[in-house]
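Okay, structure first, notes after.
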Amino acid sequence: MVLYTSPFPNSFLSVLHSFSWGLIFPCYWLADRLVGSFVPTTYEKRQRADDPCYFHALCIIITTPIYLALLVASLPFALVGFLLWSPLQSARRPYIYSRLKDKSHANGATLLTEWKAAGSGKSFCFGSANVCLLPDSLARFNNVFNTQARAKEIGRRIRNGASRPQIKIYIDSPTNTSISAASFSSLVSPQAGDNRTVNAGIKRTTSMEYKGDNCGSNNGEESREDKGGSGEPHEGEENTCIVRINGEENGHMSDTETDTANGQARASGPAEPPLEGDAEISKTPNHKQKEGDSGSLDSCSASRESLVKVRVGDGTVDQSTVNNKLLYKASIMKKTSVRKKKHTDETFDHEISAFFPANLDFLCLQEVFDKRAAEKLKEQLHHYFEYIVYDVGVYSCHGCCSFKFVNSGLLFASRYPVMDAAYHCYPNGRGMDSLASKGALFLKVQVGSTPQDQRIVGYISCTHLQAIAGDTTVRCEQLDMLQDWLSEFRKSTSSSSTANPEELVAFDVLCGDLNFDNCSSEDKLEQQHSLFTHYKDPCRAGPGEDKPWAIGTLLDPEGLYDEEVCTPDNLQKVLESEEGRKGYLVYPTSKNHSSSQKGRKASLKGNGRRIDYMLYTEEGLYLEWKVEVEEFSFITQLAGLTDHLPVAMRLMVSTGEDDP
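Per our numbering, residue -8 is the first one in the sequence shown, and the count goes up by one each step.
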């Protein structure tokens, strides 16, 4: 299958489309600004609290006539542009495939080595997030604003979080499985690419972010050489450090000692060089770095849980030598001891993390509706992901029953090459959802090859279902169509036969915003859909019941800018407590709930509405391999930038062979 690298088949249509959109854009921009001026966010209201009450009204009185006059003047040009733009959509392709040509800018892609399926297995990490990148006036109804600046910051946070080296921590004591700041601070931070083998212990995974010149490629050869002499890491794991922690019961430091250690590390560490794009300060509130805000990973300070260490040798240390070392920010994956003991029957790690997982392989985003924001987001993600599929969907009346003003909002990013891609639009959208070409994006990626030259592939699907509450029938119909399209895509892209397989399927993952949760009484039909008999949900105990550690992914928009949750670290701490979740998550609805918000939340089961899903299946995979969840995360790194919590899942594909 040919992947589309441009929206139109020839340059003439592309130029004509650009000309028509140039005529439409002034009218679109003015209408967006006009509507947005009447929909303030809670952050803007707080900023204006000290201004005279008449000041904002005066600004609206002055600017509204100006916007209206310019809007009326631009309407004739917009009409001509629309008459050109609309017919062109019949020739438009359903997506744009972007591949990074200069790999020196992709820190993540340069570290990849082809998987040969010769070892015991390999892990793959998947992420999904609803980023609410709508036109600014519409985004304000979700209490977020400044879409263009948010798109750039979202991209920076994702690629900064994912490009950190991954540390594997082994704890000697089988009775003490918690990872404390004190025990970690006693370690010497390893250099990127170092791999150390431990003989026994309980494995825990943590991540850290480092900064330095050419950090993505300098240690590639060293890392591969180290892996060759170590039997512990799985084949293909890159950018991994393995450390060991003694499980002493009395090895904890007090808070004062921990703060002192952090302060000494900050004092001896070099100032971090600014990332590309730091000079442009956006206007969104969460770009104001505070003590302990490690969300963007650009501040020189770190929270108590983010221990800053510089790797130095024994003896007297020269300051200039220290300044030449890489600066590490180690963010410990907080495994709360009480919660771990409650759920010891779980076979994989689960957490609420302030960062995207290290070595993130695949990313699926929803609600990337604004085309300018999509370009800014793509530019940032290309610093880590080599392959991106964006601007997915159809416009006008082409391909769907009703007129579509915006695309599907789906975006896919990968460190592995995309072999095939297909998009389908849901034809049964209702209400406001019918104005967007919501649908499903299906992708086939190549993740390696066998010594017999058989391709190793994986399937990933991303979707966004009907959002309007009460449209249960519509969502069930869309789930039916999704299953049919999945089956068709697998058949149409498969080049193997059972007798002579040319390719081996390693995984099949489905993710996205399904707009229903597993606890609401109104969503019973979706909860019992046959999709969940074919695909497994790691957070689901059964229809109508989530596992105790699973939390909701839909944040209460009114509280996005509260001091308690406006940074990734703060939001992480709040969501780790039951009372905190009740204050800042949207909870499932119930027919018998009380009228008061507090009483409603207290009386309901579950930990919030979990509408963002990450599913996987074992059907249709290579029979001799086994797929299991290694880790599941709820991520707070996009705090203040969207009203959803991203989710991530790490799958282990075990081949059943021993390392050579």
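Beta carbons are placed, not taken as given, at the ideal position from N, Cα and C, and that holds for glycine.
All of these numbers come straight from a predicted model, not from anything done at the bench.
Remark: C-beta atoms of Leu402 and Ala365 approach each other more closely than 8 angstroms. Going by C-alpha positions, Asn350 is about 11 angstroms away from Ile149. Contact between Ala630 and Pro559 is confirmed by a C-beta separation of about 5 angstroms, below the 8 angstroms threshold. DSSP, read as helix, strand or coil, puts Trp106 in strand. In the structure shown, the three-state DSSP call for Cys453 is strand. In this structure, Ala345 is the residue among Val448, Pro0 and Ala345 with its C-alpha nearest to the C-alpha of Ala153. Where Gly118 is concerned, the enclosing beta strand (DSSP E) starts and stops at Gly112 to Leu124. Of the other Cβ atoms in all chains shown, fewer than 16 fall within 10 Å of the Cβ of Tyr45; this residue is therefore exposed. Annotated as proximal: Val409 and Tyr378, with beta-carbon spacing under 8 angstroms. The Cβ atoms of Val380 and Ala427 do not sit closer than 8 angstroms to each other. Gly384 counts as buried, since at least 16 other C-beta atoms from the protein chains shown sit within 10 angstroms of its C-beta. Annotation: Ser119 to Phe353 spans about 9 angstroms, alpha carbon to alpha carbon. The continuous stretches of alpha helix (DSSP H) do not include Gln437, which lies in the beta strand (DSSP E) extending over residues Gly430 to Ser440.
Looking at Thr580, Cys355 and Ala108, the one whose alpha-carbon comes closest to that of Ser512 is Thr580. Contact check for Gly503 and Cys453: beta-carbon distance about 5 angstroms, within the 8 angstroms limit, so the pair qualifies.
Nearest Cα to Asp553 within the set Lys36, Thr484, Pro0 and Tyr(-5): Lys36.
Looking at the DSSP output, Asp127 shares a beta bridge with no other residue. Inside the stretch 354 to 415, DSSP marks whole beta strand (DSSP E) runs of 3 or more residues at positions 378 to 381 and 402 to 405, from first to last along the chain. For Tyr414 and Ile52, the gap between their C-alpha atoms comes out near 45 angstroms.
According to the DSSP secondary-structure assignment, Lys617 is paired through a beta bridge with Ser645. A straight-line Cα-Cα distance of about 20 angstroms links Val135 and Arg600. Non-local C-beta neighbours of Arg39 in its own chain, meaning closer than 7 angstroms and more than five positions away in sequence, comprise His47, ordered along the chain. In the DSSP secondary-structure assignment, Leu545 is bridged to His635. Taking C-beta separations shorter than 6 angstroms and ignoring five residues to either side along the sequence, the partners of Thr484 in its chain run Asp411 and Lys435, following chain order.
Remark: C-beta atoms of Gln445 and Leu495 approach each other more closely than 8 angstroms.
Going by DSSP, Phe339 is part of no beta strand (DSSP E) at all; its letter is neither H nor E. If you check the CB distance, Val644 and Val618 come in under 8 angstroms.
Listed in chain order, the non-local C-beta contacts of Pro529 below 6 angstroms within the same chain comprise Val620 and Phe623, local neighbours out to five positions each way being set aside. By the Cβ rule, the stretch 73 to 83 counts as touching the stretch 5 to 17, because three or more pairs are nearer than 8 angstroms. Between Asn598 and Gly543, the C-beta gap is smaller than 8 angstroms, which places the two residues in contact.
Taken atom to atom, the span from the alpha-carbon of Met423 to that of Lys362 is near 19 angstroms. In the DSSP assignment, Met605 falls within the beta strand (DSSP E) that extends over Asp603 to Tyr607. For Cys50, the enclosing alpha helix (DSSP H) begins and ends at Cys44 to Leu79.
Residue environment analysis places Val448 among the buried positions, since at least 16 neighbouring C-beta atoms fall within 10 angstroms of its C-beta. Relative to Arg641, the option among Gln357, Lys515, Phe347 and Leu368 whose CA is nearest is Phe347.
CA-to-CA, the gap between Gln371 and Leu356 works out to about 14 angstroms.
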